[in-house]
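Enquirer: Heads up: the sequence shown runs through residues -24 to -1, 1 to 645, numbered per mature numbering (1 follows the signal peptide of the UniProt record, and there is no 0).
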Amino acid sequence: MRNRVIQLSIALLLLAHLPLSTRARPFVLVLSQDDLSESAAALNRDDESSADFDDFSDSDSSLDSGSWSPLFEHDPNFKNPNLNELNSYYNGVGKIMEAASTGEFRIMEEAAAEIQAASAAGQPHSQSVMGFMYGMGMGKERSQVKAFLHHSFAAQGGNTQSKMALAYTYFRQEMYEEAVKLYAELAKVAMTSFLISKDSPVIDPIRIHNGVEENKEALRMSRGEEDEDFQILEYQAQKGNAGAMYKMGLFYYFGLRGVRCDHAKTLWWLSKAVEKGEPRSMELLGEMYARGAGVEKNYTKALEWLTLASRQQLNSAYNGMGYLYAKGYGVEKKNYTKAKEYFEKAAKNDKTGGLYNLGVMYLKGLGVKRDLEIATKNFALAANSGQPKAVYQLAKMFHTGMGLKKNLPMATSLYKLVAERGPWSSLSRWALESYVKGDIGKSLLLYSRMSEIGYEVAQSNAAWILEKYGERSMCIGESGPCTDAERHQRAHALWWKASEQGNEHAALLLGDAYYYGRGTERDYDRAAEAYMRAKSQSNAQAMFNLGYMHEHGKGLPFDLHLAKRYYDQALEVDPAAELPVSLALASLWIRRNYANSFLVDMMDTLPEFYPKVEVWVESVIMEEGNATILTLFVCLLTVLYLRGRQRRQHAAAGDVALPQQPIAQAAPL
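Rendered as structure tokens:
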């Protein structure tokens, strides 16, 4: 934006790089009395208990239908009864990956032919990939209509990623009746992957950039077993540190920090840790036996390990014990009284799982009198602490109008948050792993797939890769490697989607693109719209830009009062903007008091003159040898100026008859 504000000085660059979270944004839900359903009191009088504690599966058997896992994980435990029938599908997807890595369009053509043949034969997962190719304009002409059609057929055939793509399409178009149905189904599938005892760690997609620069710290922490910190931790575990052993098991269980999930290694490290009495390892072993993760499912052993952990004052273990009693697993029969006792112990110690499970008991009237207000309160507390099951229950209440007033937009948004934690989120891990290994093309492809199904961080990452790496991004277009126009168009579309989901950096980039006509036609109206989106996220730079547009009447009405308001807001949000805002306010003062004068004319011509100066500075002044000479010349002028000022001061002192002091020698150059 420096071309626009040269008359306000280059100090505006202070606003150029505002911090941006490396992960998805936090979620905070605020409920008021007005949100409670009027029928809540009537429902509270209904003491009929539900037949079961919850409605979710207790195993990890729910797979991402059509998952690309066989191409990345090489997991012997991966089970798909139709795997042999999907050979052509996986061969085609594998070739697409190869084409993305090498940039060989011939391989993409072969892959497209295989996938298209399987799609025409009615294979839903191939239809999903065809929808992806048409949506991105990758090996096929870009057509949102054909993309939607293929995803519709694939979703009917059970492909979960196409269901996500359709749900996101409906969500963008505010077609909440259709979106909420799909997201509700997908969120329920995602729920099966959450733990029964402790809270799952939040594994959000990593933002590989921080503004316009690469996020080196986040990438360093995602190098898996090659990371120096991980190797130090492993060394400590090998030396007998019980806490390090637990962390090793935890990393392998969840696949944290770029480490591949490996239940065998998890079991080995946890077994070593429990020998030293490490309670968190006991709890996680109980979780593994309850889910049958890496071991044969055994609820009796699960209860034993959780009980041992609770005896060492690990309060989160009470939550898992309560769950087993509520379900009747590993015990003689269901016991809601004992379950409630354990849930309350967990909740009193700020364990969100306990709050959630107490909410379920009050929601369904299990062992307690049904009370939807208490249930809602517990769900809200747990949800704001990051408990995804609680978010799901609130979404369901907004969806059905049970306990909360029916609100489909809110229900859809909450379901979407939960659905994005489903098994298809593995795409993010594979994309990050590819990027860290230097396979930029494959990383772009995987982030693009995630972008299509609605992940904001993936949209931002894919757009950044396209702009940062250019031709080296291995972007594949309709009939060959992406042209500059195709690459700009694709990045622009991705930034726009990200800005719709609250990414202020994306909104700023879009505003600048429309303002200057970068990769698109110049459009001040759309630039103002994009800046408004960033401003809604309390972005100081966007506020400053809106003030400038009001000051000059570009894309917004000429209004000096509104311009001042936006400049003032920018300063309130970011005190570091004091200098550029002061200069902007000085510009407003000149316009108000010296309208139609040569001063205003001169300020308005500077932005047109500045690009020429900028080119001269970059090509002449900033050239290495010239820059060195210029620096020495400035130093010489500074020394001469200081020496002259010193002599004038001594001369003035002599005029008032002060004792004459010897003149100090000037510092050598």
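We put the beta carbon where it would ideally sit given N, CA and C, even for glycine.
Does the region 382 to 393 come into contact with the region 69 to 83, if we say contact requires no fewer than three beta-carbon pairs (one atom in each stretch) closer than 8 Å?
Expert: Put simply, the region 382 to 393 does not touch the region 69 to 83. Fewer than three CB pairs are less than 8 Å apart.
Enquirer: Is residue 519 closer than 8 Å to residue 511 when the C-beta atoms are compared?
Expert: Translated into the one-based positions of the sequence shown, residue 511 becomes position 535. Translated into the one-based positions of the sequence shown, residue 519 becomes position 543. Yes, these two residues count as a Cβ contact at 8 Å.
Enquirer: Between which two residues does the alpha helix (DSSP H) holding residue 565 run?
Expert: Position 589 of the sequence shown, counted from the first residue, corresponds to residue 565. Element bounds for residue 565: 554 to 569.
Enquirer: Specify the secondary structure class of residue 182 as computed by DSSP and reduced to three states.
Expert: Mapped onto the sequence shown, residue 182 falls at position 206. If DSSP states are grouped into helix, strand and coil, residue 182 belongs with coil.
Enquirer: So, at 8 Å on beta carbons, what are the nonlocal neighbours of residue 216 in its own chain, with the 5 sequence-adjacent residues on each side left out?
Expert: To locate residue 216, count along the sequence shown from 1; it is residue 240. The answer, listed in chain order, is 252.
Enquirer: Per DSSP, what kind of secondary structure is residue 452 in: helix, strand or coil?
Expert: For the purposes of this step, residue 452 is taken as residue 476 along the sequence shown, with counting starting at 1. Residue 452 falls in the strand class under three-state DSSP.
Enquirer: Using the Cβ count rule (16 or more neighbours within 10 Å means buried), how would you classify residue 371?
Expert: By one-based count along the sequence shown, residue 371 stands at place 395. Residue 371 should be labelled buried.
Enquirer: Could you tell me the boundaries of the alpha helix (DSSP H) in which residue 342 lies?
Expert: Numbered from its first residue, the sequence shown carries residue 342 at position 366. Unbroken run through residue 342: none, as it is neither H nor E.
Enquirer: Can you confirm whether the region 90 to 106 touches the region 133 to 142 when touching is taken to mean that 3 or more C-beta pairs between the two stretches lie within less than 8 Å?
Expert: By the C-beta criterion, the region 133 to 142 is judged to be in contact with the region 90 to 106, since at least 3 inter-stretch pairs fall below 8 Å.
Enquirer: Could you compute how far the alpha carbon of residue 625 sits from the alpha carbon of residue 610?
Expert: Numbered from 1 along the sequence shown, position 649 holds the residue referred to as residue 625. Numbered from 1 along the sequence shown, position 634 holds the residue referred to as residue 610. The alpha-carbon atoms of residue 625 and residue 610 are separated by roughly 23 Å.
Enquirer: Can you tell me which of the three DSSP states residue 457 falls into?
Expert: Position 481 of the sequence shown, counted from the first residue, corresponds to residue 457. In the structure shown, residue 457 sits in a strand (DSSP, three-state: E or B).
Enquirer: In the DSSP assignment, find the alpha helix (DSSP H) that holds residue 429 and state where it starts and stops.
Expert: In the sequence shown, residue 429 corresponds to position 453, counting from 1. Neither: residue 429 is in no alpha helix (DSSP H) and is coded neither H nor E.
Enquirer: Give the DSSP-derived three-state secondary structure of residue 380 in the structure shown.
Expert: One-based indexing of the sequence shown puts residue 380 at position 404. Looking at residue 380 - three-state DSSP - the assignment turns out to be strand.
Enquirer: Helix, strand or coil, according to DSSP, for residue 189 in the structure here?
Expert: Taking the sequence shown and counting its residues from 1, the one referred to as residue 189 is at position 213. In this structure, residue 189 counts as strand in the three-state DSSP scheme.
Enquirer: Could you compute how far the alpha carbon of residue 650 sits from the alpha carbon of residue 332?
Expert: The requested residue 650 does not occur in the structure, where the chain is confined to residues -24 to 645.
Enquirer: With a threshold of 8 Å between beta-carbons, can residue 202 be considered close to chain C, or not?
Expert: Reference to chain C is not applicable here, since this structure consists of a single protein chain.
Enquirer: Under three-state DSSP, which class holds residue 268?
Expert: Stepping through the sequence shown from its first residue, residue 268 is reached at position 292. Looking at residue 268 - three-state DSSP - the assignment turns out to be coil, as it is neither helix nor strand.
Enquirer: Spatial neighbours of residue 541 within its chain, please: CB distance less than 8 Å, with the 5 preceding and 5 following residues excluded, ordered by chain position.
Expert: In the sequence shown, counting from the first residue as 1, residue 541 sits at position 565. 523, listed in sequence order.
Enquirer: Determine the contact status of residue 106 and residue 119, defining contact as a CB-CB distance below 8 Å.
Expert: In the sequence shown, counting from the first residue as 1, residue 106 sits at position 130. In the sequence shown, counting from the first residue as 1, residue 119 sits at position 143. The answer is no: Cβ separation not under 8 Å.
Enquirer: Compare the beta carbon distance of residue 485 and residue 427 with 8 Å and say whether it is the shorter of the two.
Expert: To locate residue 485, count along the sequence shown from 1; it is residue 509. To locate residue 427, count along the sequence shown from 1; it is residue 451. No.
Enquirer: So the alpha helix (DSSP H) residue 137 belongs to, where does it begin and stop?
Expert: As a position in the sequence shown, residue 137 is number 161, starting the count at 1. First-last of the alpha helix (DSSP H) with residue 137: 136 to 148.
Enquirer: Looking at residue 110 and residue 93, is the spacing between their C-beta atoms short of 8 Å?
Expert: Along the sequence shown, one-based indexing puts residue 93 at 117. Along the sequence shown, one-based indexing puts residue 110 at 134. 8 Å or more divides the Cβ of residue 93 from the Cβ of residue 110.
Enquirer: Taking one C-beta from the region 398 to 413 and one from the region 147 to 158 each time, how about it: are there three or more such pairs within less than 8 Å?
Expert: These segments do not touch.
Enquirer: Does the region 276 to 291 come into contact with the region 310 to 330, if we say contact requires no fewer than three beta-carbon pairs (one atom in each stretch) closer than 8 Å?
Expert: yes
Enquirer: So is residue 287 buried or exposed if we call it buried at 16+ other beta carbons inside 10 Å?
Expert: In the sequence shown, counting from the first residue as 1, residue 287 sits at position 311. Answer is exposed; the Cβ neighbour count stays below 16.
Enquirer: Compute the Euclidean distance between the alpha carbons of residue 267 and residue 359, then round it to the nearest angstrom.
Expert: Position 291 of the sequence shown, counted from the start, is the residue given in the question as residue 267. Position 383 of the sequence shown, counted from the start, is the residue given in the question as residue 359. Note on geometry: alpha-carbon atoms of residue 267 and residue 359 lie some 23 Å from one another.
Enquirer: Assuming residue 295 is part of the alpha helix (DSSP H), what are its boundary residues?
Expert: The residue given as residue 295 occupies position 319 in the sequence shown. Boundaries of the alpha helix (DSSP H) harbouring residue 295: 292 to 303, taken from the DSSP string.
Enquirer: Suppose you measure from the CA of residue 145 to the CA of residue 269; what does that come to, to the nearest Å?
Expert: Looking up residue 145 in the sequence shown gives position 169. Looking up residue 269 in the sequence shown gives position 293. About 35 Å.
Enquirer: With residue 69 as the anchor, note down where its alpha helix (DSSP H) starts and where it stops.
Expert: Walking along the sequence shown from the start, residue 69 turns up at place 93. Here the alpha helix (DSSP H) through residue 69 covers 63 to 78.
Enquirer: Assign residue 129 to one of three DSSP states: helix, strand, or coil.
Expert: In the sequence shown, the residue the question calls residue 129 occupies position 153. Three-state DSSP puts residue 129 in a helix.
Enquirer: When DSSP labels each residue in this structure, what does residue 49 get in the three-state scheme?
Expert: Along the sequence shown, one-based indexing puts residue 49 at 73. Residue 49 falls in the coil class under three-state DSSP.
Enquirer: Thinking C-beta only, is residue 301 closer than 8 Å to residue 318?
Expert: The count along the sequence shown starts at 1 and reaches residue 318 at position 342. The count along the sequence shown starts at 1 and reaches residue 301 at position 325. Against a cut-off of 8 Å, the Cβ pair of residue 301 and residue 318 comes out as a contact.
Enquirer: Compare the C-alpha of residue 527 against each of 492, 488, 514, 567 and name the closest.
Expert: Position 551 of the sequence shown, counted from the start, is the residue given in the question as residue 527. Residue 527 has its Cα closest to that of 567, out of 492, 488, 514, 567.
Enquirer: Take residue 218 and list the residues in its own chain whose beta-carbon comes closer than 6 Å to its own, dropping the five residues that flank it on each side.
Expert: As a first step, residue 218 must be located in the sequence shown, where it is residue number 242. 249, 252, 254.
Enquirer: Counting only runs of 3+ residues fully inside the region 510 to 537, write out the beta strand (DSSP E) ranges in chain order.
Expert: none
Enquirer: Taking the alpha-carbon positions, what's the residue 207 to residue 201 distance?
Expert: Start at 1 with the first residue of the sequence shown, and residue 207 comes out as number 231. Start at 1 with the first residue of the sequence shown, and residue 201 comes out as number 225. Going from the Cα of residue 207 to the Cα of residue 201 covers about 7 Å.
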